[in-house]
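A short worksheet on the structure shown next.
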Amino acid sequence: MLVKTVSLSGLMRFAREALMASGVSETDSDVIAQTLVTTDSFGVLSHGTKNLYQYIQKMQAGGLNPKAVPTVDAEGPAWAILNGNQAMGMEKLARELHAAPRAKGAEQIFLPGEMDWAKHKKAVAEDRLALTDAMEKNLKALSEMCAIPIAINEA
31 MLVKTVSLSG LMRFAREALM ASGVSETDSD VIAQTLVTTD SFGVLSHGTK
81 NLYQYIQKMQ AGGLNPKAVP TVDAEGPAWA ILNGNQAMGM EKLARELHAA
131 PRAKGAEQIF LPGEMDWAKH KKAVAEDRLA LTDAMEKNLK ALSEMCAIPI
181 AINEA
């Protein structure tokens with residue numbers, strides 16, 4: 031059985047370019063692409079680049095705003111309620127959580143999720159990520175939609 035793969039660096043470039051082509055700023059595109067590709071490299075394929083095609087479709091339909099700025103609706107000593115205002119969540123959430131005055135003095139800020147460090151280290155060392163059928167399908171559709179090439183390899 032052939033395994034289809036993509037290089038992490040190529041996937042990062044592709045995701046970044048697709049986001050910028052959809053109106054996301056260069057800075058936010060960098061953070062979003064890094065978040066999605068890193069998520070894939072940890073083996074959490076349900077929350078990584080497989081969703082990029084749907085995110086961009088939502089932007090084009092007006093369901094996500096590539097220029098939105100989240101706000102803090104309420105907060106306490108160890109919690110905050112953020113309103114994403116139709117933003118892509120990952121870049122805004124990361125910025126808000128780590129830059130917020132309420133985070134100063136905190137030793138660490140934890141976000142939920144399971145990570146497989148062995149998968150991550152292997153993917154980074156090999157600069158290669160095995161694709162699921164859904165990931166391949168969505169990457170090809172997005173490549174066609176945005177007219178940005180992606181190199182998918184068979185091994």
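31 is the number of the first residue of the sequence shown in the working numbering; add one for each residue after it.
Quick reminder that beta carbons are idealized off the backbone N, C-alpha and C, glycines included.
From a predicted model like this one, the values you see are computed outputs, not experimental measurements.
Could I get the ranges of all uninterrupted alpha helix (DSSP H) runs contained in the region 38–94, with 4 residues as the minimum, in chain order? List check, alpha helix (DSSP H) in window: 38–51, 56–71 and 82–91.
Could you name the residues of the same chain whose beta carbon sits closer than 7 angstroms to that of Leu41, not counting the 5 residues immediately before and after it, in chain order? Result list for Leu41: Val67, Thr79 and Leu159, in chain order.
Buried or exposed by the 16-neighbour rule on C-beta atoms within 10 Å, applied to Ala155: Exposed, since its Cβ has fewer than 16 Cβ neighbours within 10 Å.
Taking 8 angstroms as the cut-off, decide whether the C-beta atoms of Leu49 and Ile62 are in contact. Yes. Within cutoff.
Is the beta carbon of Ser39 less than 8 angstroms from the beta carbon of Ala153? In this structure, Ser39 keeps its C-beta atom at 8 angstroms or more from the C-beta atom of Ala153.
Looking at Leu161 and Ile180, is the spacing between their C-beta atoms short of 8 angstroms? The answer is no: Cβ separation not under 8 angstroms.
Please tell me whether Gln90 and Ser55 are closer than 8 angstroms, where the distance is taken between their beta carbons. Cβ distance not < 8 angstroms, so Gln90 and Ser55 don't count as in contact.
Do you know whose CA, among Asp103, Ala148 and Ala117, lies nearest Ile111's CA? Considering only alpha carbons, the answer is Asp103.
For Asp163 and Leu94, I'd like the C-alpha separation in whole angstroms. Between Asp163 and Leu94, the C-alpha separation is close to 26 angstroms.
Can you give me the C-alpha to C-alpha distance between Ser59 and Asn81, rounded to a whole angstrom? Our two residues, Ser59 and Asn81, have alpha carbons roughly 14 angstroms apart in a direct line.
What does Leu159 pair with, by DSSP beta-bridge criteria? In the DSSP assignment, the residues bridged to Leu159 are Val36.
Identify whether Val99 lies in helix, strand or coil by the three-state DSSP scheme. Val99 carries a coil assignment under DSSP once its states are collapsed to helix, strand and coil.
Where does Thr35 land, buried or exposed, given buried means 16+ other C-beta within 10 angstroms? Buried, because 16 or more other Cβ atoms sit within 10 Å of the Cβ of Thr35.
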